[in-house]
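A.B. asks: Mind looking over this structure? Questions follow.
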Amino acid sequence: MNVLNLVHAFFGDGAHWHGYDGIPTRLAEHVTYSLEALLIAAVIGLPVGLVTGHYGRGGNALALIATAGRALPSFGLLVLMVLWIGLGLVPVMIPLVVLAVPPILVTTYEAVRTVDPSPVDAARGLGMSEARVLFRVEVPVALPLILSGLRTAAVQIISTATIAAYVGLGGLGRYIIDGLYQRDYEKVVGGAALVAGLALVTLLLFWAAFRLTVSRGVRRSA
Amino acid sequence: MFAVLIRIDAVTKRYDDGTVAVDRLSLDIPDRAITVLVGPSGCGKTTTLRMINRMVEPTEGGILLDGADIRQQPVDSLRRSMGYVIQNAGLFQHRTILDNIATVPRLLGWSKQKARGRAAELMERVGLDGSLAKRYPYQLSGGQQQRVGVARALAADPPVLLMDEPFSAVDPVVRKGLQDELLRIQDELGKTIVFVTHDIDEAIKLGTMVAVLREGGRLAQFAPPAELLSAPADAFVEDFLGADRGIRRLSFFPADALELATGPLVPLDADAERLAAGADAPYLLVTDAEGRPLGWAEPGVPLERDRLLDHGRPFRPGTDSLRTALDGAVLSPTGWAVAVDGEGRAVGVVSQRAIGEAIRAAHGRAATAVEAAR
Amino acid sequence: MNGFFDLPSDLQYSYLGLVGLHLREALIPVLAGLLIALPVAQLCARFRWIYPPVLGLTTVLYAIPSLAFFVVLIDYFGQSETTVMIPLAVYSLVVLVPGIVDGVRSVPKETLAAAEAMGFGPLRRYLQVQLPIAAPAIIAGLRVAVISSLSLVSVGMLIGNQGALGNMLYDATTYHRPALAVNSVLTTAVLGVLADALLVLVRRLLTPWMPRKGAAR
């Protein structure tokens with residue numbers, strides 16, 4: 001049994017391209033879950049990371065929270081959430097967000113905290129408000145690292161969002177879980193290839209975002 | 223002499239851990255002049271500077287700007303009215319040179335176009351080539367970055383310029399260039415500049431007034447540099463000034479009072495009669511057809527161009543100081559210094575002894591002036 | 597009602613037995629990953645052109661969901677511990693390589709030249725100069741690898757109860773005993789936090805020259 005043959009067979013099968021269990025549907029579901037989870041994690045992680053990084057305080061507390069977040073097993077958390085609050089999207093979102101917040105939080109904190117202090121001092125001395133100092137001076141310089149934190153989070157979410165299928169939801173995990181129960185390895189491998197492909201596309205998108213948003217002055221002096 | 227623009231009034235800064243950075247410091251900072259705060263590390267000079275734009279708030283005492291307490295206006299608008307230059311320039315690496323300089327005008331709400339136009343003017347003023355406008359800071363040398371820092375501070379034409387060790391991170395040659403440039407800009411603009419440094423030579427070169435601070439943030443002496451060199455207030459100031467303050471003080475005495483001897487000047491093609499006229503001088507200064515010095519010759523020896531002694535570095539009586547003249551005499555193999563005019567033509571020679579007499583006379587005049595000022 | 601730590605008999609292990617199993621299934625792969633990562637990273641640091649393709653490959657491997665990895669391996673190794681441990685070793689490798697490469701590269705050229713000048717041979721130089729200087733980066737990588745490995749073992753439950761503490765999740769669902777799930781999640785998390793703390797301690801012991809000042813990592 002050759003993995004490449006399986007991939008080829010999976011994508012060559014026309015039946016995999018239509019309907020509620022077709023690749024377009026599953027892909028769209030997967031992207032939706034992933035984006036939702038990333039958005040929630042960013043809404044939590046970015047502001048906290050930016051503010052703590054700006055004031056350079058709370059690093060130890062953040063490290064503790066981040067370690068705890070990483071230590072919670074996503075799959076176990078999913079099962080526990082389903083037992084507590086029943087099936088649905090919420091029990092899936094919770095482990096995904098718990099997974100994604102630590103890299104966003106810690107990287108953003110570190111990125112802002114380690115910005116060269118002398119431009120920041122100059123900015124204050126020239127009369128920028130604290131908010132301006134953060135968004136006009138610190139964030140543009142910290143952006144490459146902040147983006148890398150978001151990227152790590154995004155790739156982990158995409159890979160882990162497959163567990164949604166275990167609790168009856170859709171997404172690319174459907175192929176893997178169904179394939180497991182049906183002993184259909186073609187499906188499993190096809191699903192895995194799709195997830196890996198989606199992760200690669202995500203990396204590409206982050207690379208494009210980096211090129212678009214990071215100033216040439218920062219890119220080159222890094 | 224000058225009106226007072228910034229009055230630092232019995233200011234103390236005590237940190238939470240009990241260390242006193244500045245201790246009941248009072249200084250009247252004159253308008254349109256360079257005031258240098260100098261002292262060893264831990265003397266509170268930077269803290270004092272940062273209290274003027276409220277980057278640090280004093281524990282006690284207050285600071286008046288043009289008669290009004292600086293706490294009366296919003297902190298951001300106070301800072302925008304004061305240029306701020308720091309060590310390593312602190313440029314924004316994500317912005318082009320032009321946009322770095324346009325920072326404060328943009329903060330003040332100028333249009334992008336107007337702010338950039340102003341920034342371009344300033345690049346020229348601080349001696350930066352216009353082709354650098356679209357570059358980023360990483361593409362500039364340390365000296366160029368520091369010029370951008372000065373331009374950025376001047377962009378909104380603030381009356382006050384605060385400079386915190388702005389030139390300490392560049393090499394000595396570049397530093398001298400930046401210092402000369404600052405003096406030139408100050409001649410044109412007449413800002414009130416507060417300048418912090420740990421380098422006493424820099425303080426003496428740049429300062430109209432120099433405040434020497436000692437550890438613990440107390441004022442040791444506040445005086446013009448010449449007075450500092452001639453009459454240090456105490457052993458600490460004397461020690462801080464260094465061993466050769468006598469020599470350095472000569473920088474403040476112009477060389478134009480020196481009596482120049484013209485007898486020993488002879489052209490290379492001089493005839494016997496001309497040579498005989500200078501025969502009683504210990505040495506003859508041989509010049510070329512335009513009158514530029516070529517070198518020294520002993521009287522009575524036939525003039526031959528390649529047997530002349532080196533004439534050392536000449537000084538210009540109108541612009542140079544006694545220090546330059548003395549230096550020329552000390553370096554000259556004959557013990558005589560050569561004076562030249564703006565075109566480099568020899569106008570006379572002067573001996574070490576004559577320079578020594580001029581120094582004594584200058585000391586006497588300076589002492590009288592200090593007495594009179596008191 | 598059963599006690600919190602009394603487990604249903606079909607799990608075939610006591611609570612502590614599951615903890616031991618979990619640690620074994622999670623840590624052996626990390627160790628294997630480290631042993632492979634060291635020479636790979638050394639190669640990447642030596643021959644710079646290898647690094648980008650290696651980085652690309654590892655990123656793809658990292659993106660493959662663990663469950664898919666497990667399922668594919670069932671065909672080769674059956675529903676066994678090995679099937680769970682191989683993907684975990686691959687993930688560890690992926691996490692460790694970039695960190696070690698950066699760590700090894702961060703050793704200043706002057707330091708290496710000085711070591712060579714003092715007569716260190718290549719092996720001795722690697723063991724006594726490069727590795728210790730790269731130690732903080734290696735341990736930073738190990739922290740991520742260990743904690744994610746501990747978390748991923750649980751997924752092994754889906755392939756014939758090879759998930760150690762994760763197997764409690766199956767029983768939690770079938771017997772509807774949420775306490776078993778709470779136990780599984782908390783125990784795994786506590787193991788992760790303890791392992792992490794242990795690694796921080798090891799780093800402090802190994803690198804007494806590093807400044808202690810707290811930075812979140």
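For the protein sequence lines, the chains are B, D and W, in the order given.
To convert, note that position 135 of the first sequence is 135 in my numbering; the numbers rise steadily by one, no gaps.
To convert, note that position 210 of the second sequence is 432 in my numbering; the numbers rise steadily by one, no gaps.
To convert, note that position 216 of the third sequence is 812 in my numbering; the numbers rise steadily by one, no gaps.
Every residue, glycine too, gets a C-beta built ideally from N, C-alpha and C.
Note that the coordinates shown come from a computational prediction; the quantities given were computed from them, not determined experimentally.
Tell me which residues share the same chain as Pro-486(D) and place their Cβ nearer than 7 Å to its Cβ, disregarding the 5 neighbours each side in the sequence.
C.D. replies: Hits under 7 Å: Gly-500, Ala-503, Tyr-505, Leu-506, Leu-507 and Val-571.
A.B. asks: Against Ala-122(B), what residues of chain D qualify as contacts under a CB-to-CB distance less than 7 Å, listed in chain order?
C.D. replies: What Ala-122(B) touches in chain D: Tyr-306, Ile-308 and Gly-312.
A.B. asks: Take the Cβ of Gln-724(W) as the centre, count every other Cβ of all protein chains shown within 10 Å, and call the residue buried at 16 or more, exposed below.
C.D. replies: Under this definition Gln-724(W) is an exposed residue.
A.B. asks: Find the nearest neighbour of Thr-654(W) within the set Leu-62(B), Ala-209(B) and Ala-196(B), judged by alpha-carbon distance.
C.D. replies: Comparing Cα-Cα distances from Thr-654(W) to each of Leu-62(B), Ala-209(B) and Ala-196(B), the minimum goes to Ala-196(B).
A.B. asks: Check whether the Cβ atoms of Ile-426(D) and Phe-462(D) lie closer than 8 Å to each other.
C.D. replies: Going by C-beta atoms, Ile-426(D) is not nearer than 8 Å to Phe-462(D).
A.B. asks: Any beta carbon from chain A within less than 8 Å of Tyr-658(W)'s own beta carbon?
C.D. replies: No chain A is part of this structure, whose protein chains are labelled B, D and W.
A.B. asks: Using a Cβ cut-off of 7 Å, pull out every chain B residue sitting near Asp-298(D), in sequence order please.
C.D. replies: Here the neighbours are Gly-127 and Ser-129.
A.B. asks: Does the beta-carbon of Trp-645(W) have 16 or more other beta-carbons within 10 angstroms, so that it is buried, or is it exposed?
C.D. replies: Classification for Trp-645(W): exposed.
A.B. asks: Mind reading off the beta-carbon distance from Val-297(D) to Asp-253(D)? Whole number of angstroms is fine, and I expect it under 8 Å.
C.D. replies: At roughly 22 Å, the Cβ-Cβ gap does not stay under 8 Å, so Val-297(D) and Asp-253(D) are not in contact.
A.B. asks: Taking the continuous alpha helix (DSSP H) assigned at Ala-197(B), which residues delimit it?
C.D. replies: One point to set straight first is that residue 197(B) is Gly, not Ala, in the sequence displayed. Run containing Gly-197(B): 185 to 213, per the alpha helix (DSSP H) assignment.
A.B. asks: Buried or exposed: where does His-18(B) fall if 16 or more other Cβ atoms within 10 Å of its Cβ makes it buried?
C.D. replies: That one is exposed.
A.B. asks: Where does the unbroken beta strand (DSSP E) through Val-562(D) begin, and where does it stop?
C.D. replies: From DSSP, the beta strand (DSSP E) with Val-562(D) extends over 558 to 562.
A.B. asks: Please report the Cβ distance between Lys-413(D) and Val-382(D), rounded to the nearest whole angstrom; I am assuming they are in contact, meaning their Cβ atoms lie under 8 Å.
C.D. replies: Going by Cβ atoms, the distance from Lys-413(D) to Val-382(D) rounds to 7 Å, so yes, they are a contact pair.
A.B. asks: Report yes or no: do three or more beta-carbon pairs, one from the segment 734 to 743 of chain W and one from the segment 790 to 799 of chain W, lie closer than 8 Å?
C.D. replies: Counting Cβ pairs under 8 Å, three or more are found: they touch.
A.B. asks: Just curious, the alpha helix (DSSP H) that Arg-483(D) is in, first and last residue?
C.D. replies: As written in the sequence, residue 483(D) is Ala, which differs from the Arg given in the question. Taken as a continuous stretch (DSSP letters only), Ala-483(D) belongs to no alpha helix (DSSP H), as it is neither H nor E.
A.B. asks: Got a sec? Which residues, its chain only, sit under 8 Å from Val-650(W) by beta carbon, not counting five neighbours each side?
C.D. replies: Closer than 8 Å at the Cβ level, and outside the excluded window around Val-650(W), lie Val-636, Cys-640 and Val-693.
A.B. asks: Taking Val-141(B) as the query, report the chain D residues whose CB atoms sit under 9 Å from its CB, ordered along the chain.
C.D. replies: Going along chain D in sequence order, the residues near Val-141(B) (Cβ under 9 Å) are Phe-314, Gln-315 and His-316.
A.B. asks: Could one say the Cβ of Pro-144(B) lies closer than 8 Å to chain D's Cβ atoms, at least one of them?
C.D. replies: Output row for Pro-144(B): interface = no.
A.B. asks: With 16 other CB atoms within 10 Å as the buried threshold, where does Tyr-358(D) fall?
C.D. replies: Under this definition Tyr-358(D) is a buried residue.
A.B. asks: Against chain B, does Leu-329(D) count as a neighbour if the rule is that its beta carbon must be under 8 Å from one of theirs?
C.D. replies: Answer yes: the Cβ-Cβ gap between Leu-329(D) and chain B drops below 8 Å somewhere.
A.B. asks: At what residues does the alpha helix (DSSP H) containing Arg-440(D) begin and finish?
C.D. replies: Premise fails: Arg-440(D) lies in the beta strand (DSSP E), 440 to 445, not in any alpha helix (DSSP H).
A.B. asks: Can you list, in chain order, the stretches of the alpha helix (DSSP H) that have 4 or more residues and sit fully within the segment 111 to 162 of chain B?
C.D. replies: For the segment 111 to 162 of chain B, whole alpha helix (DSSP H) runs of length 4 or above, ordered along the chain, are 117 to 125 and 139 to 160.
A.B. asks: Does the beta-carbon distance from Ala-255(D) to Thr-419(D) come in below 8 Å?
C.D. replies: No, Cβ-Cβ distance for Ala-255(D) and Thr-419(D) is not below 8 Å.
A.B. asks: Is there a Cβ from chain D that is less than 8 Å from the Cβ of Pro-47(B)?
C.D. replies: No, its Cβ sits nowhere closer than 8 Å to a Cβ of chain D.
A.B. asks: Could you spell out where the beta strand (DSSP E) holding Met-681(W) opens and where it closes?
C.D. replies: Element bounds for Met-681(W): not the beta strand (DSSP E) but the alpha helix (DSSP H), 677 to 701.
A.B. asks: State yes or no: is the C-beta of Ser-605(W) within less than 8 Å of the C-beta of Leu-684(W)?
C.D. replies: In this structure, Leu-684(W) does not lie closer than 8 Å to Ser-605(W) by Cβ.
A.B. asks: Taking Cβ to Cβ, would you say Gly-331(D) is nearer than 8 Å to Ala-375(D)?
C.D. replies: No, they are not a contact pair.
A.B. asks: From the DSSP output, read off the bridge partner residues of Trp-645(W).
C.D. replies: Trp-645(W) pairs with nothing; no bridge assigned.
A.B. asks: What's the gap between the Cα of Ile-285(D) and the Cα of Ala-442(D)?
C.D. replies: Roughly 20 Å separates the two Cα atoms.
A.B. asks: Between the segment 613 to 624 of chain W and the segment 749 to 767 of chain W, can you find at least three pairs of beta-carbon atoms closer than 8 Å?
C.D. replies: Cβ pair count under 8 Å is three or more, so yes.
A.B. asks: Distance check for Gly-53(B) and Ser-159(B), CA to CA, integer angstroms please.
C.D. replies: Roughly 29 Å between the two C-alpha positions.
A.B. asks: DSSP has Phe-537(D) in a bridge; who is on the other side?
C.D. replies: Per DSSP, Ala-561(D).
A.B. asks: From the DSSP output, in three-state form, read off Ala-731(W) for me.
C.D. replies: The answer is helix: DSSP assigns Ala-731(W) an H, G or I state.
A.B. asks: State the start and end residues of the unbroken beta strand (DSSP E) segment that holds Leu-754(W).
C.D. replies: That residue, Leu-754(W), is in no beta strand (DSSP E); it is neither H nor E in DSSP.
A.B. asks: Nearest-angstrom Cα distance between Lys-398(D) and Ile-577(D)?
C.D. replies: Answer to the nearest angstrom: the Cα atoms are 27 Å apart.
A.B. asks: Compare the beta carbon distance of Ala-777(W) and Ala-768(W) with 8 Å and say whether it is the shorter of the two.
C.D. replies: Yes, Cβ-Cβ distance for Ala-777(W) and Ala-768(W) is below 8 Å.
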